[in-house]
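Numbering (the numbering used here), first residue to last: 476 to 567. By construction, the Cβ of each residue, glycine as well, lies at the ideal position given by its N, Cα and C atoms.
What follows is the structure, encoded as structure tokens:
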């Protein structure tokens, strides 16, 4: 992985509301905003939001994790002047 990569977990959740796994599922496709603090709710991530992903597998005898992956959602770049990045790679 590199800075800027997006991650799709392929989450498959259970049938009950408390077993939803991704933000899209938690907000039921944006129709049910998630309360993230006393006065703030979100249906989708917004520019400036910080995302922290953590994960682990555990049983009675062990717990293994990969630590925290932290990133911030940045605004889209102005497309009127293309950078030297991805668009050149796609033309090859």
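Check, Outcome
"Coarse secondary structure for residue 566, derived from DSSP in three states", "A caution first: residue 566 carries a pLDDT of 45, below 50, which makes its placement in the model too unreliable to give a value."
"Assumed close pair residue 502, residue 509 - CB separation to whole angstroms, cut-off 8 Å", "5 Å"
"Range covered by the beta strand (DSSP E) that runs through residue 549", "Where residue 549 is concerned, there is no enclosing beta strand (DSSP E), given that its DSSP letter is neither H nor E."
"Close Cβ partners of residue 534 (< 6 Å) along its chain, the five nearest in sequence each way excluded", "none"
"Boundaries of the beta strand (DSSP E) in which residue 501 is found, first to last residue", "From DSSP, residue 501 is part of no beta strand (DSSP E) but of the alpha helix (DSSP H) over 498–501."
"Cβ-based neighbour list, residue 504, same chain, cut-off 6 Å, excluding 5 preceding and 5 following", "none"
"Coarse secondary structure for residue 561, derived from DSSP in three states", "The predicted position of residue 561 is uncertain, since its pLDDT is 49 and thus under 50; a value taken from the coordinates is nonetheless stated next. Residue state, collapsed to three classes: helix."
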